[in-house]
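Note that the protein sequences, when read in sequence, are chains A and B. In this text, residue positions in the first sequence follow the numbering used here: the first is 1, and each later residue adds one. In this text, residue positions in the second sequence follow the numbering used here: the first is 97, and each later residue adds one. Don't be surprised by glycine CBs; every beta carbon is placed ideally from N, CA and C.
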Amino acid sequence: MRLTREEVLHIAHLARIELKEEEVEKFREQLSEILTFVEKLNELNTEGIDPKFQVIPAENVLREDIPGMSLPREKVFMNAPETDGEYFVVPKVVKK
Amino acid sequence: MELLNKSLRELGNLIRKKELKPSELLETLLKRIEETEEKLNAYITVTEEEARKRVEVADRELEKLSEDEIPELFGIPISIKDNINVEGVRMTCASKILKDFISPYDATVVKRLRERGAIFIGKNNLDEFAMGSSTETSYFGPTRNPWDLERVPGGSSGGSAAAVSARSALASLGSDTGGSIRQPASFCGVVGLKPTYGRVSRYGLTAFASSLDQIGPITKNVEDAALLMNIISGQDSKDATSAKVPVPDFLSSINGEVKGLKAGLPKEYFVEGIEPEVKEKVFEAVKRLESLGIEFEEISLPHTAYAVETYYIIAPAEASSNLGRFDGVRYTYRAKDYKDLIDMYKKTRAEGFGDEVKRRIMIGTYTLSAGYYDAYYLKAQKVRTLIYRDFEESFKKVDFIVTPVSPTTAFKIGERTDDPIKMYLSDIFTIAVNLAGLPALSMPCGFDSSGLPIGIQFIGKAFDEETILKVGNALEKELKLNTLPPL
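Set out below in structure tokens:
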């Protein structure tokens with residue numbers, strides 16, 4: 001699998017990672033190599049095989065519907081880059 | 097050094113009998129950390145002050161408590177891989193993006209250790225977000241191998257393994273997604289256990305690949321691993337994937353009989369790419385186990401040849417989703433100059449993440465994207481079923497499986513950093529275990545001709561850590577290796 005420059009830029013956009021010009025080519029090479037490497041799986045016939053998303057049998061985890069303690073507000077915000085004490089503050093997203 | 101070389105149980109007994117004060121133990125350890133850190137860089141944060149405050153209290157409490165009231169880890173300092181939360185302490189995940197993050201709460205494993213009297217001495221270095229096999233991708237610089245400072249300690253729990261090996265930690269907790277406890281344990285000549293998926297709560301562990309991650313002990317000996325497993329195992333309401341399975345007393349069962357156990361040697365694991373000395377030492381250990389009455393037979397795990405490829409689809413896919421949260425909104429780092437929200441995300445992540453993390457996020461983003469999901473992610477999950485079935489079949493015949501931990505001993509710093517795939521292949525023998533959710537123990541079984549440790553891996557049935565710990569303990573007593581590095 002050889003990725004194109006446009007594909008790398010598209011993936012980076014989806015992943016929300018800005019790439020410098022010199023990184024585009026480096027990652028194009030490396031990601032292509034990794035994708036080629038994993039293509040080995042195509043040697044295997046997996047028709048009729050169920051996927052194994054979880055290895056231990058999934059069980060419903062239930063508890064009594066009683067309110068418990070959650071993190072106090074000051075702890076929720078203690079690592080926020082920007083906060084007004086009640087909300088996380090982000091750049092404006094709505095346009096006039 | 098004599099004190100730091102003692103097992104956790106011996107130290108616990110000395111404290112319980114009031115022959116050793118927690119403060120004496122702490123000061124001895126802090127001195128060792130000071131002596132070794134400049135060479136090793138095994139810690140990102142040493143919480144010296146906090147630990148001193150805690151032992152001061154412990155010293156006083158000890159006076160008042162009677163011998164049987166004192167818990168087994170009373171006043172004993174433990175170190176923690178820096179992707180696990182310890183309340184009030186910085187947790188960086190060895191990443192620039194979290195360099196100033198302070199943990200708002202304790203991980204369940206930390207809470208459980210605290211309840212048994214442990215104190216925390218610091219946070220160990222790792223590959224950024226546990227993505228790597230050498231501890232070279234850390235934002236805080238690489239950790240060095242105590243056996244040879246020019247070599248890597250393995251990874252991603254390289255700081256934990258190096259510190260335990262150098263005796264600048266008494267014991268540590270690491271995390272293992274594809275070999276991150278076992279491979280560094282092997283490179284540094286210490287013991288590492290990856291428990292069964294679901295055995296130990298992951299609450300408070302920074303998620304990398306949620307269907308593979310598991311926390312486990314890195315220790316000087318098998319007994320210490322069993323002791324820590326007794327404390328950290330068990331269901332936790334805060335982790336819905338932690339299993340409702342009874343926890344045995346691992347410590348009391350390690351001295352059990354190994355005679356008559358059946359072990360499997362997978363023929364696919366002893367072929368190409370493995371260093372002759374590694375193979376030789378593993379087979380010597382097998383001979384010793386045979387002399388103890390364990391019966392060996394050849395087994396086949398044909399699909400493990402596809403394990404690394406499967407892993408490098410599943411783990412990055414899960415990582416790309418898990419690391420989405422680091423976007424400059426909630427977790428400390430935010431880029432300075434940006435046009436709008438999307439630009440803020442992109443610049444924060446571009447500046448905050450290192451190359452290996454970016455590679456994995458992008459691979460995961462690609463394989464999960466529209467049109468590619470079936471070809472990559474779904475395909476890999478189906479191959480995972482085949483790998484799982486290989487083990488299931490083998491465990492009908494044998495009680496546990498024996499393999500090397502890694503095909504080579506510790507490699508040189510810088511040797512593989514430019515070649516991601518070569519780096520990935522150092523986990524070729526450990527990765528299938530995570531895909532199948534099984535427990536596996538890594539322990540030293542000898543040294544190569546340059547004096548570097550070689551590790552052997554015992555893979556157990558799901559929730560049967562008891563057997564592999566018991567076999568490990570028996571082998572340790574049989575080999576009596578000197579695992580103290582010349583540092």
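Inter-stretch contact at 8 Å, needing at least 3 Cβ pairs: the segment 169-180 of chain B / the segment 285-293 of chain B: The answer is no - the segment 285-293 of chain B does not touch the segment 169-180 of chain B, with fewer than three Cβ pairs under 8 Å.
- request: Please confirm whether B/Phe449 and B/Ile193 have their CB atoms less than 7 Å apart.
  value: Between B/Phe449 and B/Ile193, the C-beta spacing is below 7 Å.
task: Starting from the C-beta of A/Phe27, find all residues in its chain whose C-beta is less than 7 Å away, skip the five residues before and the five after it, and write them out in chain order.
output: Scanning its chain for C-beta atoms nearer than 7 Å, with the 5 sequence neighbours on each side dropped, one finds around A/Phe27 the residues Val8, Leu19, in chain order.
field: The beta strand (DSSP E) enclosing B/Cys541, as first and last residue numbers
entry: For B/Cys541, the enclosing beta strand (DSSP E) has its first and last residue at 536-543.
- request: Just tell me which of B/Asn220, B/Ala476, B/Ala226, B/Leu531 has its CA closest to the CA of B/Tyr293.
  value: Residue B/Leu531 is the option with its Cα nearest to B/Tyr293.
query: For B/Leu361, which three-state DSSP category applies?
result: B/Leu361: strand per DSSP, three-state reduction.
- prompt: If you pair each beta-carbon of the segment 469-488 of chain B with each one of the segment 327-344 of chain B, do three or more pairs fall below 8 Å?
  reply: The way I'd put it, the segment 469-488 of chain B doesn't touch the segment 327-344 of chain B; fewer than three beta-carbon pairs between them come closer than 8 Å.
- request: Would you mind giving the Cβ-Cβ distance between B/Glu391 and B/Lys358, rounded to the nearest angstrom? I have them listed as a contact below 8 Å.
  value: Separation of the CB atoms of B/Glu391 and B/Lys358 is rounded to 5 Å, and the pair is thereby assigned contact status at 8 Å.
task: Kindly indicate which three-state DSSP category B/Gln331 falls into: helix, strand or coil?
output: B/Gln331 falls in the coil class under three-state DSSP.
Beta bridge counterpart(s) of B/Val296 as assigned by DSSP: Bridge partners of B/Val296: B/Ser329.
field: Closest residue to B/Tyr407 among A/Lys75, A/Lys52, A/Glu29 (Cα-Cα distance)
entry: Closest by alpha carbon: A/Lys52.
- request: Under 8 Å by Cβ, that's how I've got B/Ala112 and B/Glu163 pegged, so tell me the actual separation to the nearest angstrom.
  value: The amino acid at residue 112 of chain B is misidentified as Ala; the sequence shows Arg. The C-beta distance from B/Arg112 to B/Glu163 rounds to 5 Å, short enough to fall under 8 Å.
task: Measure the C-alpha to C-alpha separation of B/Leu385 and B/Ile328 and round it to an integer number of angstroms.
output: B/Leu385 and B/Ile328: Cα-Cα distance of roughly 29 Å.
field: Neighbourhood of B/Leu577 by C-beta distance below 6 Å, restricted to the same chain and skipping five residues each side
entry: Excluding five sequence positions before and after B/Leu577, the CB atoms of its chain that fall closer than 6 Å to its own CB belong to Pro540, given in chain order.
query: Can you list the residues of chain B that A/Glu33 reaches, using a CB-CB cut of under 8 Å?
result: Within chain B, the residues near A/Glu33 are Pro516, Ile517.
message: Taking 8 Å as the cut-off, does the segment 211-230 of chain B touch the segment 263-276 of chain B (at least 3 CB pairs, one atom from each stretch)?
response: Touching, per the Cβ criterion.
task: Kindly list, in the order they appear in chain B, the residues whose Cβ is closer than 9 Å to that of A/Lys50.
output: Note on identity: in this sequence residue 50 of chain A is Asp, with Lys being the wrong assignment. Ordered by position in chain B, the residues that pass the 9 Å Cβ test against A/Asp50 are Gln477, Lys478, Thr481.
- request: Ignore the nearest five residues each way along the sequence and tell me which others in B/Gly184's own chain have a CB closer than 7 Å to its CB.
  value: The answer, listed in chain order, is Ile198, Ser199.
message: By the three-class DSSP mapping on this structure, what secondary structure does B/Lys170 have?
response: It should be noted that the sequence gives Phe, not Lys, for residue 170 of chain B. In this structure, B/Phe170 counts as coil in the three-state DSSP scheme.
- request: Let me know the secondary structure DSSP gives B/Arg186 once reduced to three states.
  value: Looking at B/Arg186 - three-state DSSP - the assignment turns out to be strand.
- prompt: Name the chain A residues that come within less than 8 Å of B/Phe491, Cβ to Cβ?
  reply: Those do not exist, as B/Phe491 stays about 14 Å from chain A at its closest Cβ, beyond 8 Å.
message: Quick check: what's the CA-CA separation for B/Phe543 versus B/Leu269?
response: Their Cα atoms are separated by approximately 24 Å.
Per-residue contacts from B/Thr141 into chain A (C-beta, under 8 Å): What B/Thr141 touches in chain A: nothing, since even the nearest Cβ is about 15 Å away.
message: Please confirm whether A/Met1 has its beta-carbon closer than 7 Å to some beta-carbon of chain B.
response: Answer no: the Cβ-Cβ gap between A/Met1 and chain B never drops below 7 Å.
Beta-carbon contacts of B/Arg247 that lie in its chain and below 6 Å, excluding the five residues immediately before and after: Short of 6 Å from the beta carbon of B/Arg247, and not among the five residues preceding or following it, lie these beta carbons of its own chain, in chain order: Asn241, Ala506, Lys508.
field: Contact list for the segment 4-28 of chain A against chain B, Cβ threshold 9 Å
entry: Cβ contacts with chain B: Glu7, Val8, His10, Ile11, Ala12, His13, Leu14, Ala15, Arg16, Ile17, Glu18, Leu19, Lys20, Glu23, Lys26, Phe27.
message: For the structure I just gave you, are there three or more beta carbon pairs, one from the segment 522-538 of chain B and one from the segment 475-486 of chain B, closer than 8 Å?
response: Result yes; three or more Cβ-Cβ pairs closer than 8 Å.
field: Which listed residue (B/Ser103, B/Val567, B/Tyr139, B/Asn181) has its alpha carbon closest to that of B/Ala381
entry: Sorting B/Ser103, B/Val567, B/Tyr139, B/Asn181 by C-alpha distance to the C-alpha of B/Ala381 places B/Val567 at the top.
field: Residues from the segment 54-65 of chain A in contact with chain B, defined by Cβ distance under 8 Å
entry: Listed in sequence order: Gln54, Val55, Ile56, Glu59, Val61, Arg63.
- request: At 8 Å on the CB atoms, spell out the chain B contacts of A/Met78, in chain order.
  value: In chain order: Ile198, Pro200.
message: Please list, in chain order, the chain A residues whose beta carbon lies closer than 7 Å to that of B/Ala424.
response: As written in the sequence, residue 424 of chain B is Gly, which differs from the Ala given in the question. Those are Pro81, listed as they occur along chain A.
field: Span separating the alpha-carbon of B/Ser282 from that of B/Arg263
entry: B/Ser282 and B/Arg263 have their C-alpha atoms some 16 Å from each other.
Limits of the alpha helix (DSSP H) - the one that A/Ile11 falls within: First-last of the alpha helix (DSSP H) with A/Ile11: 5-14.
Chain B contact for A/Pro67 (CB, 7 Å cutoff): Cβ-Cβ to chain B under 7 Å: no for A/Pro67.
- prompt: Does the distance from the C-beta atom of B/Arg430 to that of B/Thr444 stay below 7 Å?
  reply: Yes, these two residues count as a Cβ contact at 7 Å.
field: Proximity winner among B/Ile140, B/Tyr484, B/Thr132, relative to B/Ser261 (alpha-carbon distances)
entry: Looking at the Cα atoms, B/Thr132 is the closest of the given residues.
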